[in-house]
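Written below as structure tokens is the structure these notes are about.
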């Protein structure tokens with residue numbers, strides 16, 4: 011780590027020197043590029059210099075411990091040494107985390123797909139509760155949500171719902187929600203009071219840019235149908251909703267949120283691109299390293315990641331072994347306790363891989 015920080019600090023000093031050169035100062039584009047790189051390196055460079063200063067102070071304090079004979083001075087030197095050791099360890103940990111390269115997809119907007127699993131109406135109601143939970147979470151963070159398509163049941167549940175979340179860092183936080191969510195409770199329709207277990211799957215996909223995924227028009231089958239969503243009589247009288255079938259993969263995407271076929275087809279293409287991009291990314295990651303997934307854990311939809319137990323007022327994230335007894339608050343969008351812990355877990359995993367690769371020279 012120190013070698014890497016030394017390189018970054020040297021590069022930072024080089025950029026500072028270049029900004030002071032007259033030939034650079036008269037070139038606005040060069041100034042912009044150099045200043046941008048300098049700003050990116052500044053936290054690590056200043057942290058490294060701080061680390062060197064603490065190490066020097068610690069060495070002096072430990073020299074005093076070895077040479078001092080006065081009991082009072084020894085006590086002061088030990089207190090200072092202990093404090094500097096703690097500060098050095100904290101700063102080293104912060105710098106290690108800062109060295110981890112960010113996920114290039116973290117700033118993307120996302121597409122959230124929720125599907126009810128086995129369990130009939132109870133599973134559909136749970137899918138609706140999960141959708142509301144994520145929409146509330148997005149609202150609390152100032153993000154925008156929009157329902158793209160939904161398949162509602164008669165009592166307010168969803169067999170399937172797809173919606174977008176747009177906002178800074180949306181994927182960086184919601185990506186950990188992919189997987190199987192399980193609910194345990196007594197359904198309202200259960201006369202005997204028995205606890206039932208139902209599930210819903212959640213997929214969180216980064217929106218793919220057009221340049222990332224190319225789709226051959228000949229690989230698509232387009233179907234149109236009447237929308238059952240908002241839009242009044244215009245939507246009911248005209249077949250504005252669109253369903254796209256991707257023949258090579260069998261993926262099916264539908265959209266009825268817009269008022270025209272053209273708009274709904276464009277939205278379908280966007281979702282299809284995101285799904286194909288996620289599929290290709292998973293294949294690539296699996297080929298490189300079975301552990302290097304785009305989500306925490308294996309991120310496969312068959313993986314049970316969280317249980318919502320109503321009788322015990324409990325939410326347990328199985329990836330973390332973390333349990334919260336604030337079920338109502340969690341379902342109202344209070345997810346940061348889990349998400350922050352998952353971010354830290356992923357950072358530690360990536361840091362371990364990075365240090366192992368550095369040690370082996372790979």
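Residue numbers (the working numbering): 11 to 372.
Glycine included, each C-beta is placed from N, C-alpha and C at the ideal position.
Pairing residue 361 with residue 106 gives a Cβ-Cβ distance under 8 Å.
Residue 336 counts as exposed, since fewer than 16 other C-beta atoms from the protein chains shown sit within 10 angstroms of its C-beta. Annotation for residue 216: the continuous beta strand (DSSP E) segment containing it runs 206-216. With fewer than 16 other Cβ atoms from the protein chains shown falling within 10 Å of its own Cβ, residue 27 counts as exposed.
Residue environment for residue 31: exposed (fewer than 16 other C-beta atoms within 10 angstroms of its C-beta). Taking a contact as a CB-CB distance under 8 Å, the pair residue 208 and residue 133 counts as one, their CB atoms being some 4 Å apart. Within the region 99-167, the runs of beta strand (DSSP E) that reach at least 3 residues and sit entirely inside it are, in chain order, 120-126 and 154-162.
Beta bridge pairing from DSSP links residue 314 with 190. Within the same chain, and ignoring the five residues on either side of residue 108 in sequence, the residues whose Cβ sits closer than 8 Å to its Cβ are 53, 54 and 57. About 6 Å separates the CB atoms of residue 256 and residue 230; that is less than 8 Å, so the two are in contact. Below 8 Å, enough C-beta pairs join the region 154-172 and the region 260-274 to call them touching: three or more. In this structure, the alpha-carbon of residue 115 lies about 45 Å from that of residue 89. Residue 205 is classed as exposed because its beta carbon has fewer than 16 other beta carbons within 10 Å across all chains shown. Taking the CA atoms as reference points, residue 357 sits about 21 Å from residue 120. For the pair of segments examined, the region 138-157 was found to touch the region 170-178: the number of CB pairs separated by less than 8 Å reaches three.
DSSP, read as helix, strand or coil, puts residue 169 in strand. About 11 Å separates the beta carbon of residue 137 from that of residue 166, a gap too long to meet the 8 Å contact definition. In this chain, residue 28 is not harboured by any beta strand (DSSP E); it is covered by the alpha helix (DSSP H) spanning 12-29. Residue burial annotation: residue 179 is exposed, with fewer than 16 other C-beta atoms found within 10 angstroms of its C-beta.
Each residue's CA atom was taken as its position, placing residue 270 and residue 236 some 11 Å apart. Just so you know, the alpha carbons of residue 321 and residue 91 end up roughly 51 Å apart. In the DSSP assignment, residue 263 falls within the beta strand (DSSP E) that extends over 261-265. In this structure, residue 191 lies near residue 318, with their beta-carbon atoms less than 8 Å apart. According to the DSSP assignment, residue 268 belongs to no beta strand (DSSP E), since it is labelled neither H nor E.
If you compare the alpha carbons of 123, 94, 60 and 99 with that of residue 70, the shortest gap goes to 94.
Here residue 169 is near residue 126, since their CB atoms are less than 8 Å apart. Rounded to whole angstroms, the gap between the alpha carbons of residue 144 and residue 365 is 35 Å. Burial is judged here by how many other beta carbons sit within 10 angstroms of a residue's own beta carbon; residue 122 has at least 16 and is buried.
The Cβ-Cβ distance between residue 25 and residue 61 does not fall below 8 Å. In the displayed model, residue 252 falls within a strand according to three-state DSSP.
Shown here for residue 234: same chain residues with a beta carbon closer than 7 Å to its own, the five before and five after excluded, namely 249, 251, 252 and 271 in chain order. Excluding its 5 nearest sequence neighbours in each direction, residue 19 has C-beta neighbours in its own chain below 6 Å: 55 and 58, listed in chain order. When rounded, the separation of the alpha-carbon atoms in residue 345 and residue 189 is 15 Å. Straight-line spacing of the CA atoms in residue 171 and residue 129 works out to 17 Å.
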